[in-house]
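Structure first, commentary second.
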Amino acid sequence: MKIAFAGTPEFAAVALRALLAAGFEIPLVLSQPDRPAGRGQKLVSSPVKQVALAHGILVQQPERLKDPATHVPLIEAAPDLLVVAAYGLILPQAVLDIPQRGCLNIHASLLPRWRGAAPIQRCIEAGDAETGVTIMQMEAGLDTGPMLLAGNLKIGAGETAATLHDKLAMLGGRLIVDSLRRFEVLAPKAQPEAGVTYASKIDKAEASINWRQPAHEIERRIRAFDPFPGSTARLDDATIKIWHAKTVSGSGQPGEILSAVPEGITVACGEGALRLVELQKPGGRRLASADFLHGFSLAAGQHFS
Numbered sequence: 000m001k002i003a004f005a006g007t008p009e010f011a012a013v014a015l016r017a018l019l020a021a022g023f024e025i026p027l028v029l030s031q032p033d034r035p036a037g038r039g040q041k042l043v044s045s046p047v048k049q050v051a052l053a054h055g056i057l058v059q060q061p062e063r064l065k066d067p068a069t070h071v072p073l074i075e076a077a078p079d080l081l082v083v084a085a086y087g088l089i090l091p092q093a094v095l096d097i098p099q100r101g102c103l104n105i106h107a108s109l110l111p112r113w114r115g116a117a118p119i120q121r122c123i124e125a126g127d128a129e130t131g132v133t134i135m136q137m138e139a140g141l142d143t144g145p146m147l148l149a150g151n152l153k154i155g156a157g158e159t160a161a162t163l164h165d166k167l168a169m170l171g172g173r174l175i176v177d178s179l180r181r182f183e184v185l186a187p188k189a190q191p192e193a194g195v196t197y198a199s200k201i202d203k204a205e206a207s208i209n210w211r212q213p214a215h216e217i218e219r220r221i222r223a224f225d226p227f228p229g230s231t232a233r234l235d236d237a238t239i240k241i242w243h244a245k246t247v248s249g250s251g252q253p254g255e256i257l258s259a260v261p262e263g264i265t266v267a268c269g270e271g272a273l274r275l276v277e278l279q280k281p282g283g284r285r286l287a288s289a290d291f292l293h294g295f296s297l298a299a300g301q302h303f304s
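For the sequence shown, numbering that gives the first Met the number 0 begins at 0 and goes up steadily by one.
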């Protein structure tokens with residue numbers, strides 16, 4: 000089959016590489032426009048665009064897909080199928096109708112759980128024991144289409160959004176290749192009505208730690224928000240990022256530092272305590288607690304706000 004591909008970040012680039020390695024013909028790739036990045040704010044191409052250009056594939060980067068003129072490259076490519084992975088733009092029905100055999104989405108959850116924008120982060124935050132990837136047929140609803148294939152993946156005790164992302168990206172690449180090779184025999188299955196949850200987009204405002212929450216909930220959120228947006232705690236006038244923490248026994252006023260030793264900085268929570276073992280001061284880099292304390296003095300009795 001002739002495949003068009005729509006995607007933007009590394010999660011999608013892994014799938015595009017898998018399709019190319021499997022020998023599928025891909026005449027067109029859609030990706031979001033180049034964005035400024037880094038200290039110099041220079042325009043940077045998306046990972047998907049970089050893969051496509053390296054393989055000599057035509058790339059189109061519309062800001063939106065509402066204008067019928069933006070549909071012309073896809074119409075001219077005349078794909079049998081459009082594969083979509085973390086594209087970041089809503090596909091109107093007019094676009095979904097262009098490929099002769101429809102559109103398939105690589106979604107990083109076991110649908111219908113965690114439909115929406117941030118399934119990887121939300122499953123860790125919620126304390127799920129497993130997640131996975133679902134290959135689904137696309138329709139107008141938000142991740143509501145019939146499912147073709149799914150694969151499960153256990154969530155490790157220390158899993159972060161970064162480590163889980165990489166595992167799911169590889170799984171997604173394998174599943175989409177398998178789905179296309181078996182497309183003629185796979186029977187679409189409607190999603191069950193029970194068990195629907197929505198993974199809302201991550202907001203930077205969520206980064207601030209609420210020390211009144213139980214320690215185990217804060218610890219999960221720290222892992223879920225690594226690498227973006229990170230988890231932050233205010234101490235006097237400084238905003239400190241917390242990258243790694245462990246739940247421990249302890250009690251005190253929420254946010255109170257119970258001890259500050261090289262092995263970790265123990266902070267009381269609404270229930271239990273957290274030992275902070277990897278931190279980052281403003282303008283600094285991620286450091287183990289022992290190194291962090293060399294350049295940032297903390298002591299028992301101080302309070303995070």
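Using N, Cα and C, we set each Cβ at its ideal position, and we do this for glycine too.
The beta carbons of residue 125 and residue 92 sit about 32 Å from each other, so the pair does not count as a contact at 8 Å.
Under the three-state reduction of DSSP output, residue 64 falls in the coil class, being neither helix nor strand. The stretch 4-89 contains, as complete beta strand (DSSP E) runs of 3+ residues, the segments 24-29, 34-36, 41-43, 57-59, 80-84 (chain order).
Less than 7 Å separates the beta-carbon of residue 154 from that of residue 129. At the C-beta level, residue 27 and residue 76 come within 7 Å of one another. Under the three-state reduction of DSSP output, residue 115 falls in the strand class. Bounds of any alpha helix (DSSP H) do not take in residue 0, whose DSSP letter is neither H nor E. Residue pairing of residue 279 in beta bridges, as defined by DSSP: 240. Here residue 159 carries a coil assignment [DSSP, helix/strand/coil].
The Cβ-Cβ distance between residue 261 and residue 289 falls below 7 Å. Remark: C-beta atoms of residue 83 and residue 5 approach each other more closely than 7 Å.
With a cutoff of 7 Å on beta-carbon distance, residue 253 and residue 219 are scored as not near each other. Taken in chain order, the complete alpha helix (DSSP H) segments of 4 residues or longer contained in the stretch 128-216 are 160-180. DSSP places residue 95 within a helical segment (H, G or I) once states are collapsed to three. Within a 10 Å sphere around the beta-carbon of residue 172 sit 16 or more other beta-carbons, which makes this residue buried.
Excluding five sequence positions before and after residue 112, the CB atoms of its chain that fall closer than 7 Å to its own CB belong to 194, 196, given in chain order. Considering only 216, 185, 189, 228, the residue with the shortest C-alpha distance to residue 200 is 228.
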